[in-house]
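The opening position of the sequence shown corresponds to residue 122 in this note's numbering, with each subsequent residue numbered one higher.
We put the CB at the ideal spot given by N, CA and C, even for glycine.
The structure appears right after this line, and notes come after that.
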Amino acid sequence: MRLDHGGHLTHGSPASITSKVWRFVAYGVTPARDDADAPGEVIDFDQVADLAKRELPALIVAGSTAYARTIDPLPFREIADAVGALFMFDAAHPAGLIAGGAHPSPVGVADVVTFTTHKTLRGPRGGAILCGADLAKKIDSAVFPGLQGGPLEHIIAAKAVAFAEAARPEFRQYAADVVTNAAVLGAAMMAEGFRLVSGGTDNHMILVDLRTFDPDLTGREAQEVLDRAGITLNRNTIPDDPRSPFVTSGLRLGTAAETTAGMGPGEMQIIASLIGRTLRARADEAQIAAVRSEVADLCAAFPPYPDLLK
Ligand SMILES: Cc1ncc(COP(=O)(O)O)c(C=O)c1O
Numbered sequence: 122m123r124l125d126h127g128g129h130l131t132h133g134s135p136a137s138i139t140s141k142v143w144r145f146v147a148y149g150v151t152p153a154r155d156d157a158d159a160p161g162e163v164i165d166f167d168q169v170a171d172l173a174k175r176e177l178p179a180l181i182v183a184g185s186t187a188y189a190r191t192i193d194p195l196p197f198r199e200i201a202d203a204v205g206a207l208f209m210f211d212a213a214h215p216a217g218l219i220a221g222g223a224h225p226s227p228v229g230v231a232d233v234v235t236f237t238t239h240k241t242l243r244g245p246r247g248g249a250i251l252c253g254a255d256l257a258k259k260i261d262s263a264v265f266p267g268l269q270g271g272p273l274e275h276i277i278a279a280k281a282v283a284f285a286e287a288a289r290p291e292f293r294q295y296a297a298d299v300v301t302n303a304a305v306l307g308a309a310m311m312a313e314g315f316r317l318v319s320g321g322t323d324n325h326m327i328l329v330d331l332r333t334f335d336p337d338l339t340g341r342e343a344q345e346v347l348d349r350a351g352i353t354l355n356r357n358t359i360p361d362d363p364r365s366p367f368v369t370s371g372l373r374l375g376t377a378a379e380t381t382a383g384m385g386p387g388e389m390q391i392i393a394s395l396i397g398r399t400l401r402a403r404a405d406e407a408q409i410a411a412v413r414s415e416v417a418d419l420c421a422a423f424p425p426y427p428d429l430l431k
């Protein structure tokens, strides 16, 4: 998936070693449409199919780092089968939503499923690779001795804890709450005057187009001002962004951590209004300081892992 349409650096960006080892050909999202029922900016499967027929790839990769919609593995599988390609699903972002049953699972559909363990899966920084027995030996030896030196045993132990947590019934509720919180936060951001890329969200993520809120406000400036107000998020390109990846016209927000802290729809409304207030008053240091103190109060009321504080 094109980097500037939500794909990840490791999927063949010229800046990534992956582009030196393989020749990637990127697909993107459909154009934005002025239609609330079909707003566009979703994966363009016609394009995926056309490129696959033309290029006859060895491997088709699904997965993204800035895409707020469900990624259905089935159309990718069909396209891969039609051209005799292997199919890898990089579930880095939705892994926890998949484990918690809130998103469709690519396991058993894709030949290889990769994921990071520290995003919605809520474990330690790291990753994991799933595949069938047919590819296991090749992948194992590509990891070690192909790429890795010594294993990080403490991280392996922490992954086991995360997997056990994700297998509990409570994790299903967590995954559902992450998605509900993102939907509420997204709607509240729209009420503040921001446009959401693709018109909404199905996952833990909201990709905001700042231009409807203020055409002069860049992602970089918004990120920096919000950081001073105690609100952490990152600038992000939006599809076909007229600004550079260092400046950008967008912001990327996520609800995984707030949900862990126990925040719900009411807090999502508060967060959207704090973001709107900060960005409207971005030249006013007193306003930024006032928001910072409200953010501190909100966070103090929702300590993550409160059981550990007892
Ligand atoms: C789609 C996707 N793949 C992979 C990764 C992880 O890449 P790396 O292990 O190089 O940090 C991320 C995010 O960190 C991601 O969003």
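Exposure of Ser-185, with buried meaning 16 or more beta-carbon neighbours within 10 Å | Buried: at least 16 other Cβ atoms inside 10 Å.
What residues sit near ligand 1, counting only those whose C-beta is closer than 6 Å to one of its heavy atoms, in chain order?
-> Qualifying residues come out as His-129, Thr-131, Gly-184, Ser-185, Thr-186, Asp-211, Ala-213, His-214, Thr-237 and Gly-248.
Between the CA atoms of Val-169 and Arg-123 - distance to the nearest angstrom | So the alpha carbons of these two residues sit roughly 11 Å apart.
Cβ-Cβ separation, Leu-395 to Ile-352 (assumed contact under 8 Å), whole Å = Correct: roughly 7 Å between the Cβ atoms.
Locate the beta strand (DSSP E) running through Gly-371, then write down its first and last residues.
-> Here the beta strand (DSSP E) through Gly-371 covers 371-375.
Opposing strand residues paired with Met-122 [DSSP bridges] | Beta-bridge pairing by DSSP links Met-122 to no other residue.
Answer yes or no: do Ala-303 and Gly-375 have a C-beta to C-beta separation smaller than 9 Å?
-> Contact flag set, yes.
If you follow the beta strand (DSSP E) that Leu-251 is part of, which residue opens it and which one closes it?
-> Where Leu-251 is concerned, the enclosing beta strand (DSSP E) stretches over 248-252.
So the beta strand (DSSP E) Val-346 belongs to, where does it begin and stop?
-> Not the beta strand (DSSP E): Val-346 falls in the alpha helix (DSSP H), residues 340-349.
Option nearest Ala-157 by Cα separation, candidates Phe-166, Arg-316 and Val-233 | Closest option to Ala-157, Cα to Cα, is Arg-316.
Rounded C-alpha distance that separates Cys-420 from Arg-332 = So the alpha carbons of these two residues sit roughly 29 Å apart.
If you draw a straight line from the C-alpha of Asp-335 to the C-alpha of Gly-397, how long is it?
-> Computed Cα separation, rounded: 11 Å.
Following the continuous beta strand (DSSP E) through Asp-330, name the residue where it begins and the one where it ends.
-> Asp-330: member of the beta strand (DSSP E) spanning 326-330, first to last residue.
Is it true that the CB of Ala-203 sits closer than 9 Å to the CB of Lys-240?
-> No, Cβ-Cβ distance for Lys-240 and Ala-203 is not below 9 Å.
Beta bridge counterpart(s) of Phe-236 as assigned by DSSP | Paired residues: Ala-249.
Going by the beta-carbon positions, is the gap between Phe-166 and Ile-200 smaller than 9 Å?
-> A contact, by the Cβ cut-off of 9 Å.
Determine the DSSP secondary structure at Phe-210, reduced to helix, strand or coil.
-> In the structure shown, Phe-210 sits in a strand (DSSP, three-state: E or B).
How many Å lie between Thr-238 and Leu-429 at the Cα?
-> In this structure, the CA atom of Thr-238 is about 21 Å from the CA atom of Leu-429.
Anyone know if the C-beta pair for Leu-354 and Val-300 falls short of 9 Å?
-> The answer is no: Cβ separation not under 9 Å.
Mark Val-282 as exposed unless 16 or more other C-beta atoms lie within 10 angstroms of its C-beta, in which case mark it buried.
-> Exposed: under 16 other Cβ atoms inside 10 Å.
Would a C-beta distance cut-off of 9 Å place Thr-369 and Arg-401 closer than the cut-off?
-> Contact: no.
Sequence-distant residues of its chain with Cβ nearer than 7 Å to Val-182 (five each side left out) = His-132, Met-209 and Asp-211, listed in sequence order.
C-alpha distance - Glu-291 paired with Leu-242, whole-angstrom precision = Between Glu-291 and Leu-242, the C-alpha separation is close to 13 Å.
Residue from Arg-289, Gly-205, Glu-162 and Gly-247 whose Cα sits closest to the Cα of Asp-232 = Ranking Arg-289, Gly-205, Glu-162 and Gly-247 by Cα distance to Asp-232 puts Gly-205 first.
Would Ile-327 be called buried (16 or more neighbouring beta carbons within 10 Å of its own) or exposed?
-> By the beta-carbon neighbour count (other beta carbons within 10 angstroms, threshold 16), Ile-327 is buried.
Roughly how far, in whole angstroms, is the beta-carbon of Arg-190 from the beta-carbon of Val-228, given that I think they are within contact range, below 8 Å?
-> That pair is no contact at about 20 Å.
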